[in-house]
Structures are given as structure tokens and as C-alpha cells.
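If you're matching them up, the sequences are chains A and B in order.
Residue 0 is where the first sequence starts when you use numbering that gives the first Met the number 0, and the numbers rise one by one after that.
Residue 0 is where the second sequence starts when you use numbering that gives the first Met the number 0, and the numbers rise one by one after that.
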Amino acid sequence: MTIRRTVKIKSNYEIVAWKWMRYSAILLIPLVWVHVWIQDILVGPQHITLDYVEKRWSMVGWQIYDILLLSFAFAHGMNGLRQVIVDHIHSRRARMMFGWLIFLAWVVITFIGGLAIVGAAHRNLVGFN
Amino acid sequence: MLGSLRTSFTGYLTYRGGEGQVSFLLHRVTGLGLLFFLTIHIVDTALVYFAPHLYEHALELYRSTPFMLGEIGLVFCVLFHGLNGLRIAYYDLFTTAGGEIKRVRKSVWATFVITIILWTPVAGIMGYKLLYHNFGFFGGK
């Protein structure tokens, strides 16, 4: 006879981050692989131009695709960097400092990328040139 | 801080954990490499909106031989990191106690093999494009 015991563990930030890495990984496989397949193998850098990117971002479907790709891939990567740093740097102060630095870089770069995806299609509306 | 860094790096090199450790290290290195490229890639693609005239310069760089070689390596990182990540997610989320050690070892080898099988044709296609566009092979310019 087997006895099943379930233990409830109080969730914390590290548990959520651990799960996030695995669930986002499953989603990133189709997102990243399709992106690389189209842009690197079917199209290739020789045929990618300013016009090509602007045309792509004039389609809502590709805008959503790229926003998903940006947010999932970059958050996955930045949390991975945080994990590597926590493995190697043990002082509390240095960990705090790197944690904030990574968080800030994550927010700023995600914002820049997101603004470009949305803004390029509405250049006339937003008026940033 | 530097002391603990040195300890962990020498640990990486002297610890003999077999194929599991190789895949752990390769997962780290490819992950950090991908993040480095991704950061640059987000910023340079954002030029499309912030400074369209500079975007063409960024593209010139991507078409250069060293960058195209780097991109072939990049695809290796994408394939290995993705497949190995899927392997880790499978054992962590869908098996109890992380699976039997023999099976895990086999899955590590399977990951290496599938990575190479998928990467070879891709490297071939990208290598062909590099030779065609940058060196005039196969009737290219």
C-alpha cells in the first residue's frame, strides 16, 4: 500500500521564478524556432531591409508575435542571468546591487523594444522620427 | 567576491560530473551567449523606429562574413539551449524525483545527437548563403 502525502509549500519569489523558467521554455521553443526559421533560413539577412521590418510591423498578428517573443525571451534570459549571478556571488550587498541592475536593464530594454514594435506602425500618430 | 568566483570556475573545470555536467555548462554558456545577442538584437531592431537611417548600417554588419559565421553558431545555441531546456522542464515538471539516473544520462546524449542532426542542415543552408552572397560561389554575385 502506498501512502500519498501532499505537502503544501508556501510559494515565494524563487519558486515562481523556477516555474517561470520551465513554463516559458516550453512556449519559447515554437516562438524562437519559428522566428529563427523565417528570418535566418527562409529570408536571411541579405533580404531583410527597413521596408521589410516596417511591413511586418504593420500587421497586428506579427506585432503580437514579436511582443510575445520579446517579453518571454528577454524575461527568461534576464532571470537566467540573475540565477547565474546568485550562483557565483555570495555577498548579500552585491546580490542586491546586481538584482536591481538586472531589473532596471530588463525594464528599460523591454520598453525600448516594445515601443519600437508598436511605434513603427504608428509613426505618423506618435511622431517620433 | 572574487574568491568565490575563482572557486566556482575552478570547480567547473575540475569537477568530473560526466555528460550531465557538460550539458549543465553548455546550457549556461549558450544561455549567456543568447542573452548577450538578444540584448544587442532588441536594441538594433529598435533602430527601425528610433533611427531608421542607422538601421541599414546595422544590417550591413549582419551581412558581413564574421557576423554570418556567428549566426550559424547562434543557431547551434538556440537549438541546444532549447532542446536541453525542454529536457530539463520534462524531468522537473512531469516525472517524480527527476527520473532514473541511467535514463537521464541517455537523454543528455540524445539531446547532443538531436542538436547536431537539426543543426547540420541549417548550418549547410546558412553556409551556402554566406558563400553565395559574400564570396560569389554557386553563381552568386
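Glycine residues also receive a C-beta, built at the ideal position from the N, C-alpha and C atoms.
This one's a predicted model, so the numbers in the text were calculated from it and none came from an experiment.
Next item on the list: Measure the C-alpha to C-alpha separation of F127(A) and I37(A) and round it to an integer number of angstroms.
Entry: With a pLDDT of 49 at F127(A), under the threshold of 50, the modelled position of that residue is not reliable, and the figure given next carries that caveat. Between F127(A) and I37(A), the alpha-carbon positions lie close to 29 Å from each other.
Notebook entry, point to check: Could you give the distance in angstroms between the alpha-carbon of Y131(B) and the alpha-carbon of G139(B)?
Noted result: Each residue's alpha carbon lies about 5 Å from the other.
Next item on the list: Report yes or no: do three or more beta-carbon pairs, one from the region 103-122 of chain B and one from the region 74-81 of chain A, lie closer than 8 Å?
Entry: By the criterion of at least three beta-carbon pairs nearer than 8 Å, the region 103-122 of chain B is not in contact with the region 74-81 of chain A.
Next item on the list: Buried or exposed for W56(A), please, with buried defined as at least 16 other CB atoms from any protein chain shown within 10 angstroms of its CB.
Entry: Classification of W56(A): buried, given that the 10 Å Cβ count is 16 or more.
Notebook entry, point to check: What residues from chain B crowd round F73(A), counting only those whose CB sits closer than 7 Å?
Noted result: Chain B residues near F73(A): L37, I41.
Margin query: Counting only beta-carbon separations shorter than 8 Å, does G126(A) have a partner in chain B?
Written below: Its pLDDT being 48, under 50, G126(A) is placed unreliably in this model, and the value from its coordinates should be taken loosely. At a cut-off of 8 Å between beta carbons, G126(A) makes no contact with chain B.
Margin query: For P65(B), would you say it is in contact with chain A, using Cβ-to-Cβ distances shorter than 8 Å as the test?
Written below: No, P65(B) lies away from the interface with chain A (no Cβ there is under 8 Å from its Cβ).
Check: Of all Cβ atoms in chain B, is any one closer than 8 Å to the Cβ of Q62(A)?
Finding: With its beta carbon at least 8 Å from every one in chain B, Q62(A) lies outside the interface.
Notebook entry, point to check: What does a CB cutoff of less than 8 Å around S70(A) pick up in its chain, not counting 5 residues either side in sequence?
Noted result: Answer for S70(A): T109, G113, listed in chain order.
Notebook entry, point to check: Since V42(A) is in the alpha helix (DSSP H), which residue starts that stretch and which ends it?
Noted result: First-last for V42(A): undefined, no H or E at that position.
Checklist line | Given 8 Å, three or more beta-carbon pairs between the region 69-79 of chain B and the region 29-49 of chain B | finding: Yes: the two stretches touch, three or more of their Cβ pairs being nearer than 8 Å.
Check: If you run the structure through DSSP and keep just helix, strand and coil, what is S63(B)?
Finding: In the three-state scheme derived from DSSP, where H, G and I count as helix and E and B as strand, S63(B) is classed as coil.
Next item on the list: Please say whether A120(A) and F49(B) have beta carbons closer to each other than 8 Å?
Entry: F49(B) places its beta carbon 8 Å or farther from that of A120(A).
Item checked: For R62(B), the nearest candidate out of Y11(B), F137(B), L129(B), R86(B) (CA to CA) -> Nearest option by C-alpha distance: L129(B).
Check: For the candidate residues R3(A), I2(A), I14(A), whose alpha-carbon lies nearest to that of L92(B)?
Finding: For L92(B), the closest alpha carbon among the candidates R3(A), I2(A), I14(A) is that of I14(A).
Checklist line | Sub-8 Å separation of M125(B) and E70(B) beta-carbons | finding: Yes; because the gap between Cβ atoms is below 8 Å, this pair is in contact.
Notebook entry, point to check: Can you find at least 3 beta carbon pairs, one from the region 39-50 of chain A and one from the region 8-22 of chain B, that sit closer than 8 Å?
Noted result: Result no; under three Cβ-Cβ pairs closer than 8 Å.
Margin query: Measuring only the C-alpha atoms, how far is L85(B) from I28(A)?
Written below: Here the C-alpha atom of L85(B) lies approximately 8 Å from the C-alpha atom of I28(A).
Check: Does S3(B) get closer than 8 Å to chain D when you measure Cβ to Cβ?
Finding: No chain D appears in the structure shown, which is made up of the protein chains A and B.
Note to self: For H75(A), report the span of its alpha helix (DSSP H) as first-last.
What the structure shows: Under the DSSP assignment, H75(A) falls in the alpha helix (DSSP H) whose first and last residues are 59-87.
Check: K128(B) CB to nearest chain A CB: under 8 Å?
Finding: Residue contact check for K128(B) against chain A: a CB pair falls below 8 Å.
Check: Any idea what DSSP makes of V77(B), helix, strand or coil?
Finding: Reduced to three states, the DSSP call for V77(B) is helix.
Notebook entry, point to check: Who are the neighbours of S7(B) on chain A, taking C-beta pairs under 8 Å?
Noted result: Under the 8 Å cutoff, chain A gives D86, H87.
Margin query: Applying the 10 Å Cβ sphere with the 16-neighbour rule, what's the burial state of Y22(A)?
Written below: Exposed, because fewer than 16 other Cβ atoms sit within 10 Å of the Cβ of Y22(A).
Notebook entry, point to check: Which two residues bound the contiguous alpha helix (DSSP H) that contains H121(A)?
Noted result: Where H121(A) is concerned, there is no enclosing alpha helix (DSSP H), given that its DSSP letter is neither H nor E.
Notebook entry, point to check: Quick one: does H56(B) have its CB under 8 Å from some CB of chain A?
Noted result: For H56(B), the answer is no, since every Cβ of chain A falls outside 8 Å of its Cβ.
Checklist line | Neighbour-count burial assignment, H222(B), 16 or more Cβ in a 10 Å radius | finding: The first residue shown for chain B is 0 and the last is 140, placing residue 222(B) beyond what the model contains.
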